[in-house]
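Participant:
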Amino acid sequence: MTIRKHIGKILVVDDSKAVRDLLAGLLRDAGHDISLAEDGRQGWQIIQHKQIDLIISDLEMPVLDGFGLCRLVKENPDYKNIYFILLSTKDSTASKVKGLEIGADDYMGKGIAESEFLARIKAGLRIRALEKELEEKRVTLFQHEKMASIAQLAAGVAHEINNPIAFIASNLRSLNGYCEKLTECIFTLLKEIKPESLDDIEEIRKRLKINFIIQDSAELIEESLDGAERICHIVQTLKDSSRVDQDACVPTDINVCLDQVLGQIWEEIKDKVTINKDYSPLPLAMCQPLPLQQTLSHLLTNAYQALEGNGIITLNTWAENGGVSLSITDNGIGIPAKDIDRIFEPFYTTHEVGAGMGLGLSLAYDTIVNKHHGTISVQSRPGQETIFTLHIPIQA
Ligand SMILES: Nc1ncnc2c1ncn2[C@@H]1O[C@H](COP(=O)(O)OP(=O)(O)O)[C@@H](O)[C@H]1O
Ligand SMILES: [Mg+2]
């Protein structure tokens, strides 16, 4: 639906062919997209298969009448925002009140003048468009608040974990040193043992699996240290992202920034990827250099990781709406529709354990939306392509 012109997808439900044809003709001439149904049940089927903005329904029809259809539509959360107009030869107050009470948005008599009919349709579509806009804003706001509270939670957890994990890592390092010394001491002592005691010692060594313990202790400590250091890294990344940012904004040419980041990861990706660039000249935007570079690096790395075998990454930049936009498109595996709402959440990852922390996109979101007051969005057709689009206002 084009919001400004209030052209809409309209369903006309009436058991009289003459009325259907008359209304359809009027509405088509006004530029609307029309679907027709002979009764409420047929109308209900159409609503479930086609996106509809406004319904004009006759009151008295066989199978399912106008009241019944209106009730079905208004009781269903998926369709309740469709603007519903009851149209009737019955002009009684009782009938109008009943229609409006079960949720109809308007009630017209069949004798209505053509110009008033079209004006009311226009008003209905305008309300429908405003409701849609409101709903979109509500969803964006909800998403924004959800991200902010998850990020705050993550930062709080990071703060709490920071100290214990630091001493665990430090203690493990000391323990590693102690074990090495103890092992050296044991082997030195063994050499000094009198020959007559050797059998006993050998028995103990076998029974307690001392050789295995010595070897395995070193491995256990090494693995634990590796894990502790990984946690330290995650904690540090979270703390970095949540600190009150001191990065000053500087005038930035996003084209140059994109090329710099590409240069930084080029060695790693060059064998698997073809890069297509379509840059437009851009005005300078006020950006925080480090977070922006990290964002671009995360997005390019994600695009690269999504490729199966060789692939193509396309970079577009353009100026629009008093800001700078860029898109990163890859022809990799894509993101299934069911997962797309979750990818910006901290720790959401589909990569193997150890391969991805699931923080790249949540940091990218924080940088673009919170720090630069811009937008970041994603569209994906699994198996075909994924496009991440960023918009950054010139003045953050
Ligand atoms: N270009 C892309 N194509 C397909 N999936 C993607 C793409 N970018 C991100 N994803 C999905 O989003 C998830 C989260 O990304 P990110 O926050 O960077 O964390 P990580 O890369 O550590 O998994 C990824 O695990 C992946 O499933
Ligand atoms: Mg990533």
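Our numbering puts the first residue of the sequence shown at 52, with every later residue one more than the last.
Where is the CB? At the ideal position from N, CA and C, for every residue including glycine.
Remember, predicted model here, so these are calculated numbers, not experimental data.
1. Excluding the 5 residues flanking Lys323 on each side, which residues of the same chain have their C-beta closer than 8 Å to its C-beta?
2. Which of the three DSSP states is assigned to Val46 in this structure?
3. Verify whether the separation of the beta carbon atoms of Leu333 and Val307 is less than 7 Å.
4. Assign Gln435 to one of two classes, buried (16 or more other C-beta atoms within 10 Å of its C-beta) or exposed (fewer than that).
5. DSSP puts Trp369 in a beta bridge; with which residues?
6. Taking 7 Å as the threshold (C-beta atoms), are Asp109 and Leu138 in contact?
7. Can you list, in chain order, the residues of its chain whose CB lies under 6 Å from that of Ile364, leaving out five sequence neighbours each side?
8. Got a sec, what are the start and stop residues for the beta strand (DSSP E) Ala199 sits in?
9. Pull up the distance between the alpha-carbon of Leu441 and that of Ser146, whole angstroms please.
10. According to the neighbour-count rule (16 or more other Cβ atoms, all chains shown, within 10 Å of its Cβ), is Phe135 buried or exposed?
11. Compute the Euclidean distance between the alpha carbons of Ala370 and Ile394, then round it to the nearest angstrom.
12. Using CA atoms only, rank isn't needed, just tell me which of Asp72, Asp80, Asp156, Ala81 is closest to Thr87.
13. Just reading off the alpha helix (DSSP H) that Gly383 is part of, what are its end residues?
14. Could you check what DSSP says for Thr426 in three-state terms: helix, strand or coil?
15. When you compare the region 207-221 with the region 241-256, are there three or more beta-carbon pairs, one atom per stretch, that lie closer than 8 Å?
16. Look up Leu87 in the DSSP assignment and give the residues it is bridged to.
17. Near ligand 2, which residues have their beta-carbon less than 7 Å from any of its heavy atoms, given in chain order?
18. Name the residue from Glu270, Leu240, Gly175, Glu319 whose alpha carbon lies nearest to the alpha carbon of Leu223.
19. Does DSSP put Phe395 in a helix, a strand or coil?
20. Using DSSP with H/G/I as helix, E/B as strand and the rest coil, what is Tyr130?
21. So what's Gly160 in DSSP terms, helix, strand or just coil?
22. May I ask which residues mark the beginning and end of the beta strand (DSSP E) holding Pro340?
23. For the candidate residues Met198, Phe168, Leu120, whose alpha-carbon lies nearest to that of Phe398?
24. Start and end of the alpha helix (DSSP H) containing Asn306?
25. Please classify Tyr158 as buried or exposed, where buried requires at least 16 other C-beta atoms within 10 Å of its C-beta.
26. Cα separation between Asn367 and Phe218?
27. Based on the DSSP secondary-structure assignment, which residues constitute the bridge partners of Pro302?
28. Does DSSP put Asp104 in a helix, in a strand, or in coil?
29. Consider the C-beta atom of Gly409 and the heavy atoms of ligand 1; say whether any pair is separated by less than 6 Å.
30. Pick from Ala75, Gln194, Leu192, Tyr229: whose alpha carbon is nearest that of Glu165?
31. Let's test the definition: count the other Cβ atoms within 10 Å of the Cβ of Pro339 and tell me whether it reaches 16, buried, or not, exposed.
32. Can you tell me whether Pro113 is helix, strand or coil according to DSSP?
33. Comparing alpha-carbon positions, which option in Ile265, Leu249, Arg258 lies nearest Lys236?
34. Output yes or no for whether 7 Å exceeds the beta carbon distance between Thr346 and Ala415.
35. Using the Cβ count rule (16 or more neighbours within 10 Å means buried), how would you classify Ala202?
36. Beta-carbon within less than 6 Å of Gly117's beta-carbon, same chain only, minus the 5 sequence neighbours each way: which residues are those?
Facilitator: The short version:
1. The residue given as residue 323 occupies position 272 in the sequence shown. If we look at Lys323 and ignore the five residues flanking it on each side, its Cβ neighbours are Tyr355, Leu358, Gly360, Asn361, Gly362.
2. Summary: the structure shown does not reach residue 46, with the chain confined to residues 52 through 447, and so no result is reported for it.
3. As a first step, residue 333 must be located in the sequence shown, where it is residue number 282. As a first step, residue 307 must be located in the sequence shown, where it is residue number 256. Not in contact: Leu333 and Val307 (Cβ atoms no closer than 7 Å).
4. Taking the sequence shown and counting its residues from 1, one reaches residue 435 at position 384. Gln435 should be labelled exposed.
5. Numbered from its first residue, the sequence shown carries residue 369 at position 318. Ser376.
6. Counted from its first residue, the sequence shown places residue 138 at position 87. Counted from its first residue, the sequence shown places residue 109 at position 58. Closer than 7 Å, so yes.
7. Along the sequence shown, one-based indexing puts residue 364 at 313. Excluding residues within five positions, the ones whose Cβ falls inside 6 Å are Val324, Ile326, Ala354, Asp381.
8. The residue you call residue 199 lines up with position 148 of the sequence shown. Premise fails: Ala199 lies in the alpha helix (DSSP H), 165-243, not in any beta strand (DSSP E).
9. If you number the sequence shown from 1, residue 441 lands on position 390. If you number the sequence shown from 1, residue 146 lands on position 95. C-alpha separation (whole angstroms): 52 Å.
10. Here the question's residue 135 lines up with position 84 in the sequence shown. Flag for Phe135 reads buried.
11. The residue labelled residue 370 in the question sits at position 319 within the sequence shown. The residue labelled residue 394 in the question sits at position 343 within the sequence shown. Whole-angstrom Cα-Cα distance: 27 Å.
12. The count along the sequence shown starts at 1 and reaches residue 87 at position 36. The sequence given here places Leu at residue 87; Thr does not occur at that position. Of the candidates Asp72, Asp80, Asp156, Ala81, the one whose C-alpha sits nearest the C-alpha of Leu87 is Asp72.
13. Here the question's residue 383 lines up with position 332 in the sequence shown. Taken as a continuous stretch (DSSP letters only), Gly383 belongs to no alpha helix (DSSP H), as it is neither H nor E.
14. Here residue 426 refers to the residue found at position 375 when the sequence shown is read from its first residue. In the structure shown, Thr426 sits in a strand (DSSP, three-state: E or B).
15. no
16. As a first step, residue 87 is located in the sequence shown; it is residue number 36 there, counting from the start. Paired residue(s): Val63.
17. Any residue whose Cβ sits closer than 7 Å to a heavy atom of ligand 2 makes the list: His349, Thr352, Asn353, Gln356, Gly407, Gly411, Leu412.
18. As a working mapping, residue 223 is identified with position 172 in the sequence shown. Of Glu270, Leu240, Gly175, Glu319, the residue nearest in Cα terms is Glu270.
19. Your numbering for residue 395 matches position 344 in the sequence shown. If DSSP states are grouped into helix, strand and coil, Phe395 belongs with coil.
20. Here residue 130 refers to the residue found at position 79 when the sequence shown is read from its first residue. In this structure, Tyr130 counts as coil in the three-state DSSP scheme.
21. Within the sequence shown, numbered from 1, the residue matching residue 160 stands at position 109. Three-state result, Gly160: strand.
22. Counting from 1 along the sequence shown, the entry for residue 340 is found at position 289. Premise fails: Pro340 lies in the alpha helix (DSSP H), 340-357, not in any beta strand (DSSP E).
23. Counted from its first residue, the sequence shown places residue 398 at position 347. Per the Cα distances, Met198.
24. For the purposes of this step, residue 306 is identified with residue 255 of the sequence shown, where counting begins at 1. It spans 305-320 - the alpha helix (DSSP H) in which Asn306 sits, taken as one unbroken run.
25. For the purposes of this step, residue 158 is taken as the residue at position 107 of the sequence shown. So Tyr158 counts as buried.
26. The residue labelled residue 367 in the question sits at position 316 within the sequence shown. The residue labelled residue 218 in the question sits at position 167 within the sequence shown. Cα to Cα, Asn367 sits roughly 47 Å from Phe218.
27. Position 251 of the sequence shown, counted from the start, is the residue given in the question as residue 302. Paired residues: Met337.
28. Against the sequence shown, residue 104 aligns to sequence position 53. Asp104 falls in the coil class under three-state DSSP.
29. Counted from its first residue, the sequence shown places residue 409 at position 358. Answer for Gly409: yes, Cβ within range of ligand 1.
30. Within the sequence shown, the letter at position 114 stands for residue 165. Measuring from the Cα of Glu165, the nearest candidate turns out to be Ala75.
31. The sequence position of residue 339 within the sequence shown is 288, counting from 1. Contrary to the premise, residue 339 reads as Gln rather than Pro in this sequence. Buried.
32. By one-based count along the sequence shown, residue 113 stands at place 62. Looking at Pro113 - three-state DSSP - the assignment turns out to be coil, as it is neither helix nor strand.
33. As a first step, residue 236 is located in the sequence shown; it is residue number 185 there, counting from the start. At residue 236 the sequence reads Cys, which differs from the Lys that was named. Among Ile265, Leu249, Arg258, the Cα nearest to that of Cys236 belongs to Ile265.
34. As a first step, residue 346 is located in the sequence shown; it is residue number 295 there, counting from the start. As a first step, residue 415 is located in the sequence shown; it is residue number 364 there, counting from the start. Yes.
35. As a first step, residue 202 must be located in the sequence shown, where it is residue number 151. Buried: at least 16 other Cβ atoms inside 10 Å.
36. The sequence position of residue 117 within the sequence shown is 66, counting from 1. Once the five neighbours on either side are set aside, the close Cβ partners of Gly117 are Ser108, Asp109, Leu110, Leu137.
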